[in-house]
Amino acid sequence: MNREALDTVTRLIGRARARQRPKLPEQEPIRLNLGSSLLVAPGWINIDGGLGALLAGLPQPLLRIAYRSSGMREQMSEEAFVDVLSNHRFVHHDLVYGIPFPDGSVQAIFSSQFFEHITHPHAERLAAEALRVLEPGGVIRISVPDFVWLLEEFQRGAKRAVIDGIFSADGSGEYARHRYMYDEEMLVELLRNAGFTDITRCRFREGRVPDLDVLDNREGSLVMEAARPRSNALRSPKQPGQPRVSSPGS
Ligand SMILES: C[S@@+](CC[C@H](N)C(=O)[O-])C[C@H]1O[C@@H](n2cnc3c(N)ncnc32)[C@H](O)[C@@H]1O
């Protein structure tokens, strides 16, 4: 099966599972990495709609077979691929359907180079979902390409590189497509409209979210952190319940 067909099947499985709410891991505190791909840190729960998250927890011989047809060879070794998918927690889930965790159950959310892959209405909904699942005082960190920097690069003459970067994104398939771009003002507005406070722009590997030495991987990105107010009424009374979590080795 070619990569595009695999991506289509992966998306269809994600859509079919959109409402699945299997049980919560017995792990505290809960920290979520949204649109993680295979960029993970110990103890975090990685939510992604892509093939990697779908394969997580399969027996290692199957992971090795999958690696050879996954198109990941250029990005990581077979050993690293098998290690990440065997020893880290993943939830295969399409985030346009929200975050499949209960209200106030999550301590921190990290998301790098993901929000630009969903439309602005979906991002608004996801930001509201992030507020809902975070505990009072919980922090979200969002890192996206800095559109102002891209425009400056374009004006400096790197026209093809900028346009190719925005429209070709970084891989094949629907999940690799960019669907929106942000500058600081727009990202602040997204977070503020969702109900977040304490919104601050952060430097590379500096901020309130833990494990940034492992998670923050791209210097030059636009990075914002924001907190769920310690006392606020949730805007959405929805309770999506509990997620499907693949445990290491399961
Ligand atoms: C550019 S990668 C970012 C990976 C990693 N966080 C990083 O910083 O390098 C974007 C990731 O978002 C995932 N993704 C895109 N759209 C998605 C969606 N609607 N639901 C869940 N994951 C999605 C893709 O599968 C991919 O793994």
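Under the working numbering, the first residue of the sequence shown carries the number 15, and numbering increases by one thereafter. Ideal Cβ placement from N, Cα and C applies to all residues, glycine included. These numbers were taken from a predicted model, which means no experiment stands behind them.
- Using a cutoff of 7 angstroms, the CB of residue 71 does not count as near ligand 1, since none of the ligand's heavy atoms is closer than that.
- In the DSSP assignment, residue 104 falls within the unbroken beta strand (DSSP E) covering 103–106.
- In the DSSP annotation of this structure, the continuous segment of the alpha helix (DSSP H) that includes residue 169 starts and ends at 161–169.
- Under the 10 Å beta carbon count, residue 93 is surrounded by fewer than 16 other beta carbons and is classified as exposed.
- Approximately 7 angstroms separates the beta-carbon atoms of residue 245 and residue 150; this is inside 8 angstroms, confirming the contact.
- Residue pairing by DSSP puts residue 156 in a beta bridge opposite 125 and 238.
- With respect to the C-alpha of residue 144, the residue from 42, 32 and 241 having the closest C-alpha is 241.
- When the alpha-carbon of residue 131 is set against those of 108, 122, 173 and 116, the nearest one is in 108.
- DSSP places residue 22 outside any beta strand (DSSP E); the residue lies instead in the alpha helix (DSSP H), whose first and last residues are 17–30.
- If you check the C-beta of residue 16 against ligand 1, you find no heavy atom less than 7 angstroms away.
- Residue 50 has its Cβ nearer than 7 angstroms to a heavy atom of ligand 1.
- Fully contained in the segment 186–230 are the following beta strand (DSSP E) runs of length 3 or more, in chain order: 211–215.
- Set against 7 angstroms, the gap from the CB of residue 202 to the closest heavy atom of ligand 1 is not smaller.
- In this structure, residue 120 and residue 114 do not form a Cβ contact; the two beta carbons are roughly 11 angstroms apart against a cut-off of 8 angstroms.
- Taking a C-beta distance under 8 angstroms as the contact criterion, residue 55 and residue 99 do not qualify as a contact pair.
- Here residue 49 carries a coil assignment [DSSP, helix/strand/coil].
- Residue 45 has its alpha-carbon roughly 30 angstroms from the corresponding atom of residue 163.
- Shortest gap from the CB of residue 84 to any heavy atom of ligand 1: 7 angstroms or more.
- Note: residue 61 is bridge-paired with 48 and 105 in the DSSP secondary-structure output.
- Of the residues 73, 80 and 133, the one whose Cα lies closest to the Cα of residue 21 is 80.
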